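I have placed the structure first, in the form of C-alpha cells, so that the comments after it can refer back to it.
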Amino acid sequence: MVTVTKFLFAFASVGVSCAFSAGRVERHSNAWQSGPAPHTSGFLNPPFLSQKLQQHQRGQSSTVSSATATPTRNLGASQGASVNPENGLRSSLAQKKILIVMSDTGGGHKASALAIKGAMEKLYGSTVDIEIVDIWTDYGCWPFNTAVEGYRFASNNPWVWRLFYDQTSNWPAIWAMEQGGYALNRDAFRECLSRHSPDLVLSVHPACQHVVIRALEAMQDEGAVKSPIPLVTVVTDLGSAHPSWFDERVAKLFVPSQNVKRIALRWGVPERKIRLVGLPIREGFWDVKVPPVCVAGEPQAGERGAVRREDYRRELGLREDLPTVLVVGGGEGVGGLQVIMEKLVKVLRKQGRKQPWPRGGVQVVAICGKNDAARNSINEVFGNPVDNVYVKATGFVTDMEKYMCASDCIVTKAGPGTIAEASVCGLPTMLSSYLPGQEAGNVPFVRKNGFGDYSSSPGRIAKTVVSWLQDPEKMREMSTNARKAALPHATVEIAEGIGEGLLGLKPVKQNSS
C-alpha cells in the first residue's frame, strides 16, 4: 500500500520539481483560469460500417501491402507518399503503421483501443498495421511504470483518487507533470516511437498526450523523421473529462459528448480540430439487433418477425418468459456486487409475496467478470428460486450485447463504456457507484438524458429497480430515451476519420463467403 500511495503523489511531485527547473512555460497562458463546463451531453448519428464499405465496392483500386517494411525506415515517410494539402500529412497506397498508446488503468481504455483497431482493420484490411502499447508500463521509469498498480489501489480507495484527480486538474499541475514526465521518460519514449515507426500515433488515455507529443516534436526538430507524425486523441470519458486529455497540438480530437467538447474548447483545443462522434464501443454493439422498446411484464410488441428479448434469453439459457434485471460488476467484478444482489433479491422476493409478478416471476442475471468468488457465492446462496425470483451469476462474458438485449434494465457502476452500450440496447440504467473525477459526469449524463438514475445505497437501488419493473410506461419512456442518446457506430466513424481523413486511405472490398 505504501508503494502504491507513493506513486500517486510521486507522479505529481516529480513533475513539480522538474517544472521549476525547466525554465519556461511553452503555452496555455490564455487558458490558465479556464475550468470545466457544466454537465451537458449530445450525440451525432454516424453511418453503418456496412454502408461505408458498400460505398467503395465499385471502382476500388488494388492496395499495396508493405508488411515487410524494415525497422530502419524513416518515421512518417511511407513509400510513394504525397503530401495532403489540407493537413500537411503524407498519404499513399502503402501500408500505414498506427501506434495506439494507452495505460491499462481500467478496462475502458484497452477496450476502446481494441474496438478502434478492429474497426480500422475491417475498413482498411492489410493497408493498415496497428499495434497497441501500454507505453507507461512498458517504457516508463519509476514511478510512472506503476500506474496500473496505483490505479487499482486508488479505485478501491476513492478518497485517494479524488485527491489526486482534483490536485492535477489545473494548468500548473498539467504543465509540471508534462515537464517531469518528459524529462524522465524522453529517451524511453523515443525508443518506443523509433521501434514501432508509426505514420500516426493514437492516444486513448489522458496521460498519453503531452509527453508523447513532446517526444514526437523533438524527433522532428532533430531530423529523426522526415515529416510530422500526427497524434490523434480519442477521449474515452463520457460525461466529463480530466484536462490532461486536451492538447492543442493534436491533429484531431474525437470527443463523445457535447459537454466534453465544451471542456476541450475551454482548455484551448481549436474547434476545427474537434469532432464529436460518440464513445468507441465493442464490435458486438455496432450492428446488434435490438428488440422493440422494452415494457417489463408485458408481451413483446414489435413488427412481425422482429427479434425479441425472449430469443436472446433462450440463446443464453435464461428463463424466456420473465422480466430480467442485469447486474454488472465490471471486468474485475467489483463495485459492491454481492451486497447489491442481496438487497435486490430480498426486495424482489418481498414484492412477489405482496403481489404476484404479472408474468409469474422475475429473474436477475449477475455478470461477475473475473470475480469467481462472487459468482460462486451468488449461485450458491440464490441458485434455488424462492418466491418466483430466479438468479443466475456468470463470469467474464464476450457477448455482453446479448445479455443486454435479453434484459429489461441494468444495474451497473458508472463506467462510460457500459453506459454507452446500455443506451444502444435501450436499457433503463441504474448507476450504483462512480469513480470520483472522470466518472462523476456520467451520472448527470444518464439523468439528463432521461434513461436512468443513481444511488450508492443498495437498498435504494433495489427499491428503484422494483418500482421500474412495476411501471411499464416508465420503462418504455426510459428505453426510448436511451436509444435517442445512443451512438452505436461511433467506433466506425472514428476509424473513418483517421483512415480517410488523416491518412488518405480507402476502405477495401470485403470478401463475401
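Per mature numbering (1 follows the signal peptide of the UniProt record, and there is no 0): the sequence shown = residues -19 to -1, 1 to 494.
All C-beta atoms in this analysis are idealised placements derived from N, C-alpha and C, irrespective of residue type, glycine included.
This one's a predicted model, so the numbers in the text were calculated from it and none came from an experiment.
On the three-state DSSP scale, how would you describe K233? Counted from its first residue, the sequence shown places residue 233 at position 252. Three-state result, K233: strand.
Confirm, please, whether the CB-CB distance from V274 to I391 is below 8 Å. Here residue 391 refers to the residue found at position 410 when the sequence shown is read from its first residue. Here residue 274 refers to the residue found at position 293 when the sequence shown is read from its first residue. Their beta carbons are not under 8 Å apart, which means I391 does not touch V274 by this criterion.
For Y371 and Q344, which I take to be in contact (beta-carbon distance under 8 Å), what is that distance rounded to the nearest angstrom? Counting from 1 along the sequence shown, the entry for residue 371 is found at position 390. Counting from 1 along the sequence shown, the entry for residue 344 is found at position 363. Sure, about 4 Å apart at Cβ, within 8 Å.
Let me check you understand the geometry: is the CB of L325 closer than 7 Å to at least one non-hydrogen atom of the ligand NAP? In the structure on display, the ligand NAP does not appear, and there are no ligands present to speak of.
Exposed unless 16 or more other CB atoms sit within 10 angstroms - verdict on Q148: Residue numbering aside, residue 148 sits at position 167 when the sequence shown is read from its first letter. Q148 comes out exposed.
Which two residues bound the contiguous alpha helix (DSSP H) that contains K331? For the purposes of this step, residue 331 is taken as the residue at position 350 of the sequence shown. 318 to 335 is the span of the alpha helix (DSSP H), which, as asked, contains K331.
Classify I479 as helix, strand or coil using the three-state DSSP reduction. Position 498 of the sequence shown, counted from the first residue, corresponds to residue 479. Here I479 sits in helix by DSSP.
Report the rounded CA-to-CA distance for E301 versus V288, giving the unit in angstroms. Along the sequence shown, read from residue 1 onward, the residue named residue 301 stands at position 320. Along the sequence shown, read from residue 1 onward, the residue named residue 288 stands at position 307. Straight-line Cα distance between these residues: approximately 13 Å.
Sequence ranges, alpha helix (DSSP H) only - wholly within the stretch 209 to 255, length at least 4: 239 to 247
DSSP beta-bridge partners of K77: Here the question's residue 77 lines up with position 96 in the sequence shown. Per DSSP, V109.
Look at the Cβ atom of residue 495, then the Cβ atom of K394, and state whether they are nearer than 8 Å. No answer is possible for residue 495: the residues shown for the chain start at -19 and end at 494.
Closest by C-alpha distance to V250, when choosing among L234, F432, G265: The sequence position of residue 250 within the sequence shown is 269, counting from 1. The shortest Cα separation from V250 among L234, F432, G265 belongs to L234.
For the beta strand (DSSP E) that contains C349, what are its first and last residues? Numbered from 1 along the sequence shown, position 368 holds the residue referred to as residue 349. Per DSSP, C349 belongs to no beta strand (DSSP E) and is neither H nor E.
Taking just the CA atoms, how far does F432 sit from L325? Numbered from 1 along the sequence shown, position 344 holds the residue referred to as residue 325. Numbered from 1 along the sequence shown, position 451 holds the residue referred to as residue 432. Cα to Cα, L325 sits roughly 20 Å from F432.
T445 burial status per 10 Å Cβ neighbour count (16 or more: buried): Position 464 of the sequence shown, counted from the first residue, corresponds to residue 445. By the neighbour-count rule (16 or more Cβ atoms within 10 Å), T445 is buried.
Check whether the Cβ atoms of V306 and S437 sit closer than 8 Å, and answer yes or no. As a first step, residue 306 must be located in the sequence shown, where it is residue number 325. As a first step, residue 437 must be located in the sequence shown, where it is residue number 456. No, the Cβ-Cβ distance between V306 and S437 is not below 8 Å.
Using the beta-carbon count (16 or more within 10 Å), is residue 516 buried or exposed? Summary: the structure shown does not reach residue 516, with the chain confined to residues -19 through 494, and so no result is reported for it.
Using only CA atoms, which one of W140, N352, A467 lies nearest to I400? Locating residue 400 in the sequence shown gives position 419, where the first residue counts as 1. Of the candidates W140, N352, A467, A467 places its Cα closest to the Cα of I400.
Unbroken beta strand (DSSP E) run spanning V306, endpoints: Here residue 306 corresponds to residue number 325 of the sequence shown, with the count starting at 1. It spans 305 to 309 - the beta strand (DSSP E) in which V306 sits, taken as one unbroken run.
Alpha carbon to alpha carbon, how far is A222 from G418? Counting from 1 along the sequence shown, the entry for residue 222 is found at position 241. Counting from 1 along the sequence shown, the entry for residue 418 is found at position 437. So the two alpha carbons sit approximately 8 Å from each other.
Compute the beta-carbon to beta-carbon distance between V82 and V193, rounded to the nearest angstrom, for a pair I have assumed lies under 8 Å. By one-based count along the sequence shown, residue 82 stands at place 101. By one-based count along the sequence shown, residue 193 stands at place 212. At roughly 6 Å, the Cβ-Cβ gap stays under 8 Å, so V82 and V193 are in contact.
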